[in-house]
Every structure is written in C-alpha cells, then in structure tokens.
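Enquirer: At position 2 of the sequence shown (counting the first as 1) the number is 8 in our numbering, and the numbers step up by one without a gap. Ideal placement from N, C-alpha and C gives every residue a C-beta, glycine not left out. After the structure tokens below, expect a handful of questions from me.
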Amino acid sequence: MGEGIVAERTAPRVTRMLGLVTYLEREGEATVEELAAHFGVTPAQVRRDVELLWVSGVPGHEPQDLIDFDGWAFDEGIIRLTNSQGVGQVRLSPREGVALIGALSAVVAGGAAPEAAHTALAKLVEAVADKDAVRSVTTGSVDPAVAATLRDAIDAGVVVDVGYADANDRRTSRVIEPHRIVVIDGTPYVECFCRRAGDYRTLRVDRIISATTGTESVTAPASEVSGFSLIANFEAEVVADAHARWLLESFPGVRVEDGVGTVTARFGVADVSAIAGQLLVIGTALKSVAPEPLARELSRQARAVLAAQA
C-alpha cells in the first residue's frame, strides 16, 4: 500500500485534487465511493486527498484562508465542499497554460493519470489554439485499462496476471507483484517481482497488452533500488530557482545540490525531447541548462509553444 503512494509524484495528485474541488463545485456533495469511481482511485486515496486539501489554501494560512469541507459529513463518508477559495475559477496566463500543458503531458504519457487529466490536457491544448505547436511533448500509447489495473493492484497489494510483448514482439504470460510505477524520460515502467522469473523486473507499461488483477497478496518486498536501466546519451546540468526542486528531484539518478535561492541538478539524459518537455513545466524558474543539445531542444519547444500565442 505504501509503495503505491510513493509511486505517485506531485503532478498527478495535484491534478486530481484540483479536479476534485472543481467537481464538487459543479456537482455538489458526493460520497467517497462516488469520487473514487469518478477519479479512478481508491476511497482511501480520496480521503487522503481531502485531508490534504483541508490544510491547503491561499497565502495567509489562517483558518479563513483554507479550503474547507463539512467535517461532520466527512465522518459519514460524504464530501461536502464549504469553501473552495476560488480554486474552480482559476485563470491561467498563456505562459502558465504552457507550463501546465507540459506537466499534464508528462503525466498522461506515463499512463498513471486519471481520466480528468486527459480531459484537462485536451481542453488546455484547445485553448492554446495551435495544437501542432504543443505536440513536441509526446504522449505514450499506454492502455488506460492496463494502467488502472496496475494502480489498483499496487493500492490493494495484490498480484496481476499480465500479457507482455518484449521489444522483439515475443509474447509471454506472467504473474507479477507490482510495487510502483515510474516514468523515465516519458516512458512508463512498472517495477515488480516477476513470479515466472523468480526475480525483480521492470516492465514497460506500454508493452503490457493485458492485465487482470489477481486475488493473491504480494509477498516480495519492493526492491530498494529502481529496477530500470537506461543508457544515458549525456549528463545534463540544470540550475533553477529553489522552488523548482520538486520537478528536478523526480529525474532518475539525479544528484541535487542546494544553493542560495537556487538548486542545481545533474542527471543522465536518454531522451532529449522528453526531458526538454518536462523542463518546460518550470521554464520561468530556469537559470541555466547544459549541455547545448538539451538547451537547444528546450528553446525550440518553448518557441514553438509561444508561437501559438502570437
């Protein structure tokens, strides 16, 4: 259960929580189970999201500045929003919209995004007007049903029967104990213990052609090290404002150094386009990007997106 929580990074959870507030503003109160079904998560996750929203709000952090819910209703399994702090009426500037498109594209590419993220991404791209200008952040071909099955199994701590096709299209059936989903340079992987191999494996989610939740509980502990191994083309060094640390620390194998108001991240890059797309999310916080191939690709993508605003 805990590993499922670790696997979820900031972007997908924030997307879901914003969607939850907007949903409640539009539809009114809902039960925990109804929200879980709507957002494709467990009831326990809905409760955790609401508890986090309860201590979130606008600057000031006084009681009147926080998002609020009916506590009595919450105890009865009903989520009733009493103060949204205007979350549902957020208006984004073009640059903020570009950044959010980059963040949502990375999440959707990983196959770990709820349906609300797909809908939000489509609406944002439509609002930007020139769809070709923002297509440089690619999305994957993950089957949403497969991704949902894996997420549910991780939360429940049970095995999954999967059909898997390797790079040579050799197809096998295996039972895996899924521990977490990671996104590496835009490609989603499930880290798991494979009972067929009797060892830990990292499987590309977009190569899983079928997935069925089993009834047996997971018995093997999660590996203490990430199971993926990708050959980096070069090492990048990115310097950004300190508040952008959350994204930089999500890159695999990253080494982060904190400075005075800044953070420096060094990490291997296997897919220049995917990494540049993710860096767009913190574009206004970037101080320097090296080496030149990454900086050039980031500049190209930024110009393409901003051209849509002209």
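For Arg34 and Glu82, what's the separation of their Cα atoms in angstroms?
Expert: One-based indexing of the sequence shown puts residue 34 at position 28. One-based indexing of the sequence shown puts residue 82 at position 76. The identity of residue 34 in the sequence shown is Gly, whereas the question assumes Arg. Distance between the alpha carbons of Gly34 and Glu82 is about 16 Å.
Enquirer: Spatial neighbours of Arg199 within its chain, please: C-beta separation below 6 Å, excluding the five flanking residues on both sides.
Expert: The sequence position of residue 199 within the sequence shown is 193, counting from 1. The displayed chain sequence assigns Phe, not Arg, to residue 199. Counting only Cβ-Cβ distances below 6 Å, and skipping sequence neighbours, we find Glu183, Tyr206 and Ala226.
Enquirer: Between Ser216 and Gly274, how many whole angstroms is the CB-CB distance? I'm expecting something under 8 Å.
Expert: Here residue 216 corresponds to residue number 210 of the sequence shown, with the count starting at 1. Here residue 274 corresponds to residue number 268 of the sequence shown, with the count starting at 1. 32 Å between Cβ atoms; not a contact.
Enquirer: Considering Cα atoms alone, identify which of Pro299, Val27 and Gln307 is closest to Ala242.
Expert: Start at 1 with the first residue of the sequence shown, and residue 242 comes out as number 236. Cα-wise, what sits closest to Ala242 is Pro299.
Enquirer: For the alpha helix (DSSP H) holding Glu57, just list the boundary residues, first then last.
Expert: Taking the first residue of the sequence shown as 1, we reach residue 57 at position 51. Segment Pro49 to Trp60, the alpha helix (DSSP H) holding Glu57.
Enquirer: Among residues of its own chain, excluding the 5 on either side of Ala228, which ones have a beta-carbon nearer than 8 Å to its beta-carbon?
Expert: Translated into positions along the sequence shown, residue 228 becomes position 222. So the qualifying residues of the chain are Glu9, His185, Arg186 and Glu197.
Enquirer: Would you say the beta carbon of Gln51 comes nearer than 7 Å to a heavy atom of the ligand FMN?
Expert: This structure simply doesn't include the ligand FMN, nor any ligand for that matter.
Enquirer: Do Leu41 and Val52 come within 8 Å of each other at the CB atom, strictly closer than that value?
Expert: Within the sequence shown, the letter at position 46 stands for residue 52. Within the sequence shown, the letter at position 35 stands for residue 41. Going by C-beta atoms, Val52 is nearer than 8 Å to Leu41.
Enquirer: Once the 5 residues before and after Gly233 are set aside, which same chain residues still bring their CB inside 7 Å of it?
Expert: For the purposes of this step, residue 233 is identified with residue 227 of the sequence shown, where counting begins at 1. For Gly233, the predicted model reports a pLDDT of 42, less than 50, meaning its position is unreliable; a value from the coordinates is still stated below. Taken in chain order, the residues that qualify are Glu197, Tyr206, Arg207 and Thr208.
Enquirer: By a C-beta neighbour count over all protein chains shown, 10 Å radius and 16 as the cutoff for buried, is Gln307 buried or exposed?
Expert: Counting from one through the sequence shown, the residue named residue 307 turns up at place 301. Label assigned to Gln307: buried.
Enquirer: Give the range of the alpha helix (DSSP H) segment to which Glu39 is assigned.
Expert: Here the question's residue 39 lines up with position 33 in the sequence shown. Glu39 -> alpha helix (DSSP H) spans Val38 to Phe45.
Enquirer: Does Ile281 come out as helix, strand or coil in the three-state DSSP assignment?
Expert: Translated into positions along the sequence shown, residue 281 becomes position 275. Ile281 falls in the helix class under three-state DSSP.
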